[in-house]
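Have a look at the structure below before the remarks.
Protein chains: 2
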Amino acid sequence: MTARLNIVPFVSVDHMMKLVLAIGVERFLTDLAEYIEEDFRRWALFDKTPRVASHSIDGVIELMPTSDGRLYGFKYVNGHPKNTRDGRQTVTAFGVLADVGNGYPMLLSEMTILTALRTAATSAVAAKYLAPKGAVCMAIIGNGAQSEFQALAFKALLGVNRLRLYDIDPAATRKCADNLAGLGFDITSCASAHDAVEGAHIITTVTADKQCATILTDNMVGSGVHINAVGGDCPGKTELHRDILLRSQIFVEYTPQTRIEGEIQQLDPDHPVVELWQVMAGKASVRADSRAVTLFDSVGFATEDFSALRYVRDQLAGTGLYEELDLLADPDEPRDLFGMLLRAANND
Amino acid sequence: MTARLNIVPFVSVDHMMKLVLAIGVERFLTDLAEYIEEDFRRWALFDKTPRVASHSIDGVIELMPTSDGRLYGFKYVNGHPKNTRDGRQTVTAFGVLADVGNGYPMLLSEMTILTALRTAATSAVAAKYLAPKGAVCMAIIGNGAQSEFQALAFKALLGVNRLRLYDIDPAATRKCADNLAGLGFDITSCASAHDAVEGAHIITTVTADKQCATILTDNMVGSGVHINAVGGDCPGKTELHRDILLRSQIFVEYTPQTRIEGEIQQLDPDHPVVELWQVMAGKASVRADSRAVTLFDSVGFATEDFSALRYVRDQLAGTGLYEELDLLADPDEPRDLFGMLLRAANND
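These protein sequence lines are chains L and X, in that order.
Quick note: the first sequence uses the numbering used here, first residue -16, plus one each step.
Quick note: the second sequence uses the numbering used here, first residue -16, plus one each step.
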């Protein structure tokens, strides 16, 4: 009987930051993107379900489970747009990877930072397939917590090196521009969303308001553009005018979830969409017309978190960047849980 | 900006044992039962959903979320009957309590021990309403990890002081009898389930096999008995012969979940059952005939875990029986997650 069955490795926020910095942000994003794409390519294997959401007036708390039959993963994530008013994050998250064979958790990890990374990596993976060839200029509308990660993922995977930033709060744009200074971008801070999309090959919308907003209107979207719509991700929260959707080729992660949460909640429930895995598997044509507008209606799916947890687990060995949590009861004899308690009393 | 927003208290297995021992097992069960009953009594408030299960050949991994609108809780729990072969627990669990207002986790706790306690407390709460008056003799069929907790909960809440133990493995019965020695029971170890039920006012079945078993057949159940059926708790896993169900008044926690997982999966989907909260609210009559057989078809519901997490949280202050986990990213400026990463690099 090993004495280690009680232990689950835990990656704290501090350790996650150290891990990301040790690997390098862009390499982390590139490697993570490979895990994400690998898991999209074995889509049929996964146990898929729309996330389990608990909505309240102020926000939402969600559980996002999935399994490939060997590993099981889930993420806890909240979305509370008002949180920033009292110094809290809009989105925080943590997740667990477990062994399907015995049900034991193998990893507990912070996922606030990891979610920003996996969301950006997923966006870039999608754009690799969907964006016009040679796209190097990206507008980022919404310059909050996720914006820099999006920029770096698009740089690492697609070579995007020109950014046009806009946020209703100029301080957010300054923060984003300052953080990205010296990282290889030509950055333009813009005075309006209209200004930001000017000349952009890719438009990333990543705002946080929990309401139907219209960050982009139809006249702002030129032909041949790829839209990476990241911010709309729960019922009642959208970013794009419906007319844009009607003239775009729409790509989603997992249709049943995106119908509920994505931009396409504005459309008929049978409006045609293509799932990302279908593109990767060569089962869908993309951008047949170079003037076509493509839209990745990103809401974030459980397999992406699963990929991220898998990636983190694979990087941990030898780093020491985790703690050991005494999370699982491990009596000497498995059926003797009460005896373990009795013996703990005698040991005191 | 407080520096503490990143911290979530964590109750390890060791700390949970120390907390239970500091409070005392029977008092813990009694107090916990009050929390469980309190939450059953405000049943309508809860956001209820059958647990989200991921089944595999070897077992199941489940998430059990619920919320009362102010607090949100969920439990991760597995069920893998073969686990004991290699020294692992059949069931392990952990859980999280969170603030609905901001979505931030407030407590992470081991729940392997806590689940055994809450299951036993729930059984005893149910029996308080359902068992025949003056019931002092209980048969326990299945003497594994949960058996002692069941015995102590029934002693603490109902005054049960005579136990008749049976397990297909006599070593399990010896273990259970040894663990309970000196705790105020008159204990009889029995050679068969038939023998065990002899003279028992309450029959608790708490076996672990993941298959349709027939721990009790109809001829074994005399009139006026209360059956506390704990072991059957997933599709295909039952413990009682169908004929027993047909002549019992059946009580459940949350009907939609119990139809899937409980003993009543053997019955028509419209077979009448009564939910426990209805009994507590005086909306259902119980045991109108003293010869009636009552059956608590227990599968374990999310509100019970919620109650348990709430109880543990309320006991923690001043005990020091928790660690502080750096689980949540807390940048100086909430939208500056990437900046936090940059500053971490500069601090190294």
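Backbone N, C-alpha and C define an ideal beta-carbon position, used for all residues, glycine too.
Bear in mind that the values here come from a model prediction, so they are computed numbers and not experimental data.
Segment contact flag, the region 105 to 119 of chain X with the region 80 to 99 of chain L, C-beta cutoff 8 Å, min 3 pairs:
Counting Cβ pairs under 8 Å, fewer than three are found: no touch.
Any C-beta of chain L sitting closer than 8 Å to the C-beta of X/L311?
Against the second sequence, residue 311 of chain X aligns to sequence position 328. X/L311 has a beta carbon lying within less than 8 Å of a beta carbon in chain L.
Suppose you measure from the CA of X/N330 to the CA of L/V3; what does that come to, to the nearest Å?
As a first step, residue 330 of chain X is located in the second sequence; it is residue number 347 there, counting from the start. As a first step, residue 3 of chain L is located in the first sequence; it is residue number 20 there, counting from the start. Straight through space, the alpha carbons of L/V3 and X/N330 are spaced by roughly 14 Å.
Compile a chain-ordered list of the residues in the region 80 to 94 of chain L whose CB is closer than 8 Å to at least one CB of chain X.
So the list reads A81, V83, G84, N85, G86, Y87, P88 and E93, given in the order they occur along the chain.
Chain L contact residues for X/A155, given Cβ-Cβ distances below 7 Å
Looking up residue 155 of chain X in the second sequence gives position 172. Against X/A155, the close residues of chain L are R318, in the order they occur along the chain (beta-carbon pairs closer than 7 Å).
Could you tell me if X/D313 is buried or exposed, where buried requires 16 or more neighbouring beta carbons within 10 angstroms of its beta carbon?
For this step, residue 313 of chain X is matched to residue 330 along the second sequence. Buried.
Starting from X/A6, follow the alpha helix (DSSP H) in both directions and report where the run begins and ends.
Within the second sequence, numbered from 1, the residue matching residue 6 of chain X stands at position 23. First, the amino acid is wrong: residue 6 of chain X is Ile here, not Ala. X/I6 -> alpha helix (DSSP H) spans V(-4) to I6.
Proximal residues of chain L, C-beta to C-beta of X/G127 below 7 Å
Locating residue 127 of chain X in the second sequence gives position 144, counting from the first residue. Within chain L, R318 have C-beta atoms less than 7 Å from the C-beta of X/G127, given in sequence order.
Within 10 Å of its beta-carbon, does L/N202 have 16 or more other beta-carbons around it, so buried, or fewer, so exposed?
For the purposes of this step, residue 202 of chain L is taken as residue 219 along the first sequence, with counting starting at 1. L/N202 comes out exposed.
Applying a beta-carbon distance threshold of less than 8 Å, which residues of chain L neighbour X/Q72?
Residue 72 of chain X sits at position 89 when you count from the first residue of the second sequence. Correct list: L311, A312, D313, P314, P317 and L320.
State yes or no: is the beta carbon of L/V213 nearer than 8 Å to at least one beta carbon in chain X?
For the purposes of this step, residue 213 of chain L is identified with residue 230 of the first sequence, where counting begins at 1. So no, L/V213 is outside the interface.
Examine chain X for any beta-carbon lying closer than 8 Å to the beta-carbon of L/D226, and answer yes or no.
Residue 226 of chain L sits at position 243 when you count from the first residue of the first sequence. Proximity of L/D226 to chain X, defined by a Cβ-Cβ separation below 8 Å, is not satisfied.
Out of curiosity, what's the CA-to-CA distance linking L/G42 and L/T302?
As a first step, residue 42 of chain L is located in the first sequence; it is residue number 59 there, counting from the start. As a first step, residue 302 of chain L is located in the first sequence; it is residue number 319 there, counting from the start. Each residue's alpha carbon lies about 36 Å from the other.
How should L/A174 be labelled, buried or exposed, when 16 other C-beta atoms within 10 angstroms of its C-beta is the threshold for buried?
Residue numbering aside, residue 174 of chain L sits at position 191 when the first sequence is read from its first letter. Label assigned to L/A174: exposed.
For L/M121, tell me which candidate among L/L141, L/R274 and L/R157 has the shortest Cα-Cα distance.
Against the first sequence, residue 121 of chain L aligns to sequence position 138. If we check each option's Cα against that of L/M121, L/L141 comes out closest.
Counting only beta-carbon atoms, is L/Y55 nearer than 8 Å to chain X?
For the purposes of this step, residue 55 of chain L is identified with residue 72 of the first sequence, where counting begins at 1. When Cβ-Cβ separations below 8 Å define contact, L/Y55 makes contact with chain X.
Taking a cut of 8 Å between CB atoms, which residues from the region 19 to 47 of chain L lie near chain X?
Per Cβ criterion, the list reads D30, T32, V35, S37, S39, D41, G42, V43, I44 and L46.
For chain L, check one thing: does any of its Cβ atoms lie closer than 8 Å to the Cβ of X/M(-16)?
As a first step, residue -16 of chain X is located in the second sequence; it is residue number 1 there, counting from the start. Low per-residue confidence applies at X/M(-16): pLDDT is 35, beneath 50, and the placement is therefore not dependable enough to give any value.
Please confirm whether L/I170 has its beta-carbon closer than 8 Å to some beta-carbon of chain X.
Translated into the one-based positions of the first sequence, residue 170 of chain L becomes position 187. Chain X, which has no Cβ nearer than 8 Å to the Cβ of L/I170, makes this no.
Using the C-alpha atoms, what's the distance from X/L320 back to L/T73?
Here residue 73 of chain L is taken as the residue at index 90 of the first sequence, counted from 1. Here residue 320 of chain X is taken as the residue at index 337 of the second sequence, counted from 1. C-alpha separation (whole angstroms): 11 Å.
By DSSP's criteria, X/Y59 is part of a beta bridge. Which residues make up the other side?
Residue numbering aside, residue 59 of chain X sits at position 76 when the second sequence is read from its first letter. When DSSP reads this structure, X/Y59 sits in a beta bridge with X/L46 and X/F77.
Roughly how many whole angstroms lie between the Cα atoms of L/T(-15) and L/Y18?
Within the first sequence, the letter at position 2 stands for residue -15 of chain L. Within the first sequence, the letter at position 35 stands for residue 18 of chain L. Model confidence at L/T(-15) stands at a pLDDT of 43, short of 50, so the residue's coordinates are unreliable; what they give is reported in the following sentence. Going by the C-alpha atoms only, they are around 32 Å apart.
What's the call for L/I40, buried or exposed, on a 16-neighbour Cβ count within 10 Å?
One-based indexing of the first sequence puts residue 40 of chain L at position 57. Around the beta carbon of L/I40, fewer than 16 other beta carbons lie within 10 angstroms, which makes this residue exposed.
Within chain X, the residues that L/N144 reaches when beta carbons sit closer than 7 Å:
Numbered from 1 along the first sequence, position 161 holds the residue referred to as residue 144 of chain L. Near L/N144 there are no residues of chain X at all, since even the closest Cβ is about 18 Å away, more than 7 Å.
Below 9 Å between beta carbons is the criterion; list the residues of the region -9 to 23 of chain L that meet it against any residue of chain X, in chain order.
Those residues of the region -9 to 23 of chain L that come within reach of chain X (Cβ to Cβ, closer than 9 Å) are V(-9), F(-7), S(-5), V(-4), D(-3), H(-2), M(-1), M0, K1, V3, L4 and V8.
Candidates X/L325, X/Q298 and X/A264, of which the one nearest X/E20 by Cα
As a first step, residue 20 of chain X is located in the second sequence; it is residue number 37 there, counting from the start. Of the candidates X/L325, X/Q298 and X/A264, the one whose C-alpha sits nearest the C-alpha of X/E20 is X/A264.
Please tell me whether L/N329 has its Cβ less than 8 Å away from any Cβ of chain X.
The residue you call residue 329 of chain L lines up with position 346 of the first sequence. Not one chain X Cβ lies under 8 Å of L/N329.
Can you tell me whether X/R101 is buried or exposed? The criterion is at least 16 other CB atoms within 10 Å of its CB, across all chains shown.
For the purposes of this step, residue 101 of chain X is identified with residue 118 of the second sequence, where counting begins at 1. Per the 10 Å Cβ criterion, buried.
Flag X/F132 as yes if its beta-carbon sits less than 8 Å from any beta-carbon of chain L, otherwise no.
Working through the second sequence from its first residue, we reach residue 132 of chain X at position 149. Yes - at least one Cβ of chain L is within 8 Å of the one on X/F132.
Comparing the C-beta of X/T190 with each C-beta of chain L, is any distance below 8 Å?
Numbered from 1 along the second sequence, position 207 holds the residue referred to as residue 190 of chain X. No, no contact with chain L.
Determine, using beta carbons only, whether L/A99 comes closer than 8 Å to chain X.
For the purposes of this step, residue 99 of chain L is taken as residue 116 along the first sequence, with counting starting at 1. Chain X, which has a Cβ nearer than 8 Å to the Cβ of L/A99, makes this yes.
From the beta carbon of L/S106, is the nearest beta carbon of chain X less than 8 Å away?
For the purposes of this step, residue 106 of chain L is identified with residue 123 of the first sequence, where counting begins at 1. At a cut-off of 8 Å between beta carbons, L/S106 makes no contact with chain X.
Delimiting residues of the alpha helix (DSSP H) encompassing X/M263:
Sequence index remark: in the second sequence, residue 263 of chain X carries index 280 (1-based). For X/M263, the enclosing alpha helix (DSSP H) covers residues L259 to M263.
Quick one: which unbroken beta strand (DSSP E) runs of 3-plus residues sit fully inside the region 175 to 199 of chain L? Chain order, please.
Within the region 175 to 199 of chain L, the complete beta strand (DSSP E) runs of at least 3 residues are 185 to 188 and 195 to 199.
Tell me, please, whether the CB atom of X/S50 is closer than 8 Å to any CB atom in chain L?
As a first step, residue 50 of chain X must be located in the second sequence, where it is residue number 67. Answer yes: the Cβ-Cβ gap between X/S50 and chain L drops below 8 Å somewhere.
Using a cut-off of 7 Å between C-beta atoms, extract the partners of X/L325 located in chain L.
As a working note, residue 325 of chain X is residue 342 in the second sequence. Here the neighbours are N162.
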